[in-house]
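Here is the structure we will look at.
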Amino acid sequence: MAGFDKRVFSYEQAMEGIEDGMTIIAGGFGLCGIPENLIAEIKRRRVKDLTVVSNNCGVDGFGLGLLLEDRQIRKIFASYVGENALFEQQMLNDEIEVILTPQGTLAEKMRAGGAGIPAFYTATGYGTPIGEGKEVREFNGRPHILEEAMTGDFAIVKGWKADRYGNVVYRHTAQNFNPMAATAGRITVVEVEEIVEPGELEPSQIHTPGIYVDRIIQGSFEKRIEKRTVRS
Amino acid sequence: MAGFDKRVFSYEQAMEGIEDGMTIIAGGFGLCGIPENLIAEIKRRRVKDLTVVSNNCGVDGFGLGLLLEDRQIRKIFASYVGENALFEQQMLNDEIEVILTPQGTLAEKMRAGGAGIPAFYTATGYGTPIGEGKEVREFNGRPHILEEAMTGDFAIVKGWKADRYGNVVYRHTAQNFNPMAATAGRITVVEVEEIVEPGELEPSQIHTPGIYVDRIIQGSFEKRIEKRTVRS
Amino acid sequence: MALTREQMAQRVARELEDGFYVNLGIGIPTLVANYIPDGIDVMLQSENGLLGMGRFPTEDELDPDMINAGKQTVTARPGAAIFSSAESFAMIRGGHVDLTVLGAFEVDQNGNIASWMVPGKLIKGMGGAMDLVAGAENIICTMTHASKHGESKLLESCNLPLTGAGCINRVLTDLAYLEIKDGSFILKERAPGVSVEEIVEKTAGKLIVPAHVPEMTFEEVV
Amino acid sequence: MALTREQMAQRVARELEDGFYVNLGIGIPTLVANYIPDGIDVMLQSENGLLGMGRFPTEDELDPDMINAGKQTVTARPGAAIFSSAESFAMIRGGHVDLTVLGAFEVDQNGNIASWMVPGKLIKGMGGAMDLVAGAENIICTMTHASKHGESKLLESCNLPLTGAGCINRVLTDLAYLEIKDGSFILKERAPGVSVEEIVEKTAGKLIVPAHVPEMTFEEVV
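Chains A, B, C and D, in that order, give the protein sequences.
Take the first sequence: its position 81, counting from 1, is numbered 81 in my numbering, and each next residue is one higher.
Take the second sequence: its position 71, counting from 1, is numbered 1071 in my numbering, and each next residue is one higher.
Take the third sequence: its position 124, counting from 1, is numbered 2124 in my numbering, and each next residue is one higher.
Take the fourth sequence: its position 149, counting from 1, is numbered 3149 in my numbering, and each next residue is one higher.
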């Protein structure tokens, strides 16, 4: 890997350095825009005691749900979980710790983590169980709670196209949490559908500038649909 | 103006409602990407006692410098000023109050204002005159200061292309402060070089979604260059 | 007669105004999109990052990269914008969405809402609901007025853990349309054939009943 | 002999590593871009929102919408990214820039820097300097070692209002290259023909002088 060429050519290389007990920040919303092959590689490596930061936790047998099978996740920060039986079971058995976090607060915590903002105030969650134990302060006559930033040892991200410098664009609503996740990893790994030449992506249309990205890998994706709704 | 058609067809309409004493948030960096015709309209209307939030204050006779001629600006939040003689004179005479704000903090204050984050912590400015009188708190063993969000009665923004719904894209580095300014105005007015049909802008490539925008006007622009540097 | 789900959606849809950006929660709120009045254009915001949600896709249009906050496959209408979750909640928390419609388990006379957690039951999470109720200035709650056992869900004070504090100002139940103001529910309209007495009986919180409470009317929808 | 501005830029350029994202301030730091060693590729970040700053434009390429943080017209190199000021300072404040080079009026043995304000003189503002020094873990200050009147600018404690506290770890002056660590300047290299004695004399802050202080060497640059 010379200069700004961030390409790696195997998923083993892509996740090199991941260890037991690390914190992983993952992009994706439901099963849309999830780094499915990077997750599969984490499963393959059998690392344990992971803390995962992700809006959801996949489904049985796909996405982050894969990491439940061998109990690799010890703790998860998420806004909505339990779409899978295995998760429910591990939650009920206290085998996994779930820190429920409002969706907007979760997105902002990741962004803040990447942006050098250690904490911010939000009205979201004030007066609810989420606000308990958190500092409350009034701004503009309204109570807000203090929320701290989040960063991870690894960020795993699913992009659409990238150049070898790590500039990334996302496709449609597969963008979701990916751009924030990309900024918040000590090591940020992005898997994409296509790697293009530097200069092919319009500079002002890049969603994630390469400075945030450490490794880029081209993969192929199943892109499972969670709720298929069509009209005739 | 029906539904989502936010077009107006005169600069008079574009700045309708601006009054003495209001706060104006302006996009632009130096003379690049400034809403030059909206500023000219503010001058024409002779409103006074304005508070302006802008990274810079234009030059003599152009950009926000125009508003100095009739002493329309009472107070300005900026990171770098004094590129014009009139400004220096008014600053020395205490005719204009200048609240110097670090550039990144200024951008983040605008973003926070638009994003419902009333305040955030940053290491920027700690231990300097900017940190004086501000709350200090340690995060990760490092002192940070509390900075509050900013919003304006009007935001004035320069875009490149927009559709009539107010979706905007910016051109090259004329983007700068414009996207944040656009989110932080009670009334956000965007002037652009071209108005296109809804659907012509790729949805995932829109810099400023129309929800932030109240009025769109198509104009023509001088685009003055501050420091012309060329190679042969 | 208590309103049907469809009638509830129809009634809520009358609160839409031309040019509104609207976030519709899962369930009855989603149905509101089917009853947007003629001559009114609204833009639907889906909190996973889509402004200008369109219809469900045809088989040909189906795209796993294009979903809504309910994780259903959708389309984008012309002039839509797509963005990150941080940007989406900047819109929401920043008060840029004109109207939010969402369901609830309980609301109370101080505008508190409980909609996400029943202690002892499996808790799946609040998703974006806490941000939505904290961010919107204009929220309509849709819910049944009372439980199957007749217990009121319009309370003096919510029993369940809150989703947001002091943020709800309008409620549409299967029995009535009410506003919440200054620590009281105010009965504004009643469902066709539902008596004021029934509503009074089924409202546990403080209820102000004006002299005249008009009955809602519904046209036959084709 | 004291280093010329060009030699200072050359010496700083030796600190560049392949794959570094670098922010260069106005003045001598800008010149560093002219001395990037062969075989090393760096990406220049300009805080107005450009990552991958290229050369100055030709007359044909000149575009008022394409400027750098010094407000000069520039170009973008292939593979550049352009973004908002908020994103730009997210990068900077978030510690994603590998090296920042900037000028200063004073630095002190505790890594404090003063670079933006001389009381009594017209104050134009700090621009992005406070964010840059607060955000970067790796900063080189370029400055003259002493004023024209011989007063040291490497102090025990800065006299001027600070730009940042405890954030500078390397200084290149016209006389020497120094590190700052544990409350001391450490003399690492001296300019060709400049004696250790002269550096000691012109350094007001605590200075550690190792047994051997190598002299910088410069090749003739074509």
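Just so you know, even glycine gets a beta-carbon here, dropped at the ideal spot from N, CA and C.
Being a predicted model, the structure only gives us computed values, none of them experimental.
Unbroken beta strand (DSSP E) runs of no fewer than 3 residues, entirely contained in the region 2030-2061 of chain C, are found at 2043-2046 and 2050-2053, following chain order. Judged by beta-carbon spacing, THR1124/B lies beyond the 8 Å limit of ARG3170/D, meaning their Cβ atoms are not closer than that value.
Excluding sequence positions up to five before and after ALA1085/B, its CB lies within less than 8 Å of the CB of ASP1060, all in the same chain and listed in chain order. Taking all protein chains shown into account, MET1180/B has 16 or more neighbouring C-beta atoms within 10 Å of its C-beta and is therefore buried.
Note that the C-beta distance between GLU2087/C and GLN103/A is not below 8 Å. Note on the region 2137-2185 of chain C: there is no whole alpha helix (DSSP H) run with a minimum of 4 residues. For the 8 Å CB-CB criterion, GLY3103/D and PRO3029/D form a contact. Collapsing the DSSP output to three states places LYS1043/B in a helix. Cβ proximity to chain C below 9 Å picks out VAL98, LEU100, THR101, PRO102, GLN103, GLY104, THR105, LEU106, ALA107, GLU108, MET110, ARG111, THR122, ALA123, THR124, GLY125, TYR126, GLY127, THR128, PRO129 and ILE130 from the region 98-130 of chain A.
Of all residues in the region 3174-3193 of chain D, none places a beta-carbon less than 8 Å from a beta-carbon of chain B. The beta-bridge partner set that DSSP reports for THR1183/B is empty. Interface criterion not met: the Cβ of ASN178/A is under 8 Å from no Cβ in chain B.
The DSSP-derived three-state label of VAL1230/B is coil.
Under the three-state reduction of DSSP output, THR1188/B falls in the strand class.
Look at THR1122/B here: in three-state DSSP terms it is strand. A residue is called buried when at least 16 other Cβ atoms come within 10 angstroms of its Cβ; ALA3146/D meets this threshold and is buried. DSSP places GLU2189/C within a strand segment (E or B) once states are collapsed to three. Apart from the 5 residues on each side of it in sequence, THR173/A sits with its Cβ closer than 8 Å to the Cβ of PHE29, CYS32 and GLY33 in its chain, given in chain order. Under the 8 Å criterion on CB atoms, ILE2139/C is classed as non-interfacial with respect to chain A. Pairing MET2066/C with LYS227/A, the inter-Cα distance amounts to about 11 Å. Contact annotation, ALA1162/B with ILE1025/B: C-beta distance approximately 18 Å; criterion of less than 8 Å not satisfied. By the neighbour-count definition (other C-beta atoms within 10 Å, threshold 16), VAL53/A is a buried residue. At least one beta carbon of chain C lies nearer than 8 Å to the beta carbon of ILE225/A. Listed in chain order, the beta strand (DSSP E) elements of length 3 or more contained wholly in the region 81-123 of chain A are 97-100 and 119-122.
Shown here, TYR1212/B sits in a helix according to DSSP, grouped into three states. Contact annotation: in the region 1004-1034 of chain B, residues whose CB is within less than 7 Å of a CB in chain C are PHE1004.
In this chain, the beta strand (DSSP E) harbouring GLU148/A covers 142-148. Apart from sequence neighbours up to five positions away, the residues of its chain that approach PHE1004/B with a beta-carbon distance below 6 Å are TYR1165, ordered along the chain. When Cβ pairs closer than 8 Å are counted between the two stretches, the region 1115-1129 of chain B is seen to touch the region 131-149 of chain A, the count reaching three or more.
For GLY2103/C, the beta-bridge partners assigned by DSSP are THR2142/C.
Using a 10 angstroms sphere on the CB of ASN37/A, the tally of other CB atoms reaches 16 or more, which defines it as buried. If you check the CB distance, MET22/A and VAL189/A do not come in under 8 Å. At a C-beta separation below 8 Å, GLY3135/D has these neighbours in chain A: GLY116. Here the alpha carbon of ILE2139/C sits roughly 41 Å from the alpha carbon of LEU3050/D. Taken through DSSP and simplified to helix, strand or coil, PHE2020/C comes out as coil. Nearest in C-alpha terms to GLY2205/C, of all of LEU2044/C, ILE2180/C and MET2130/C, is ILE2180/C.
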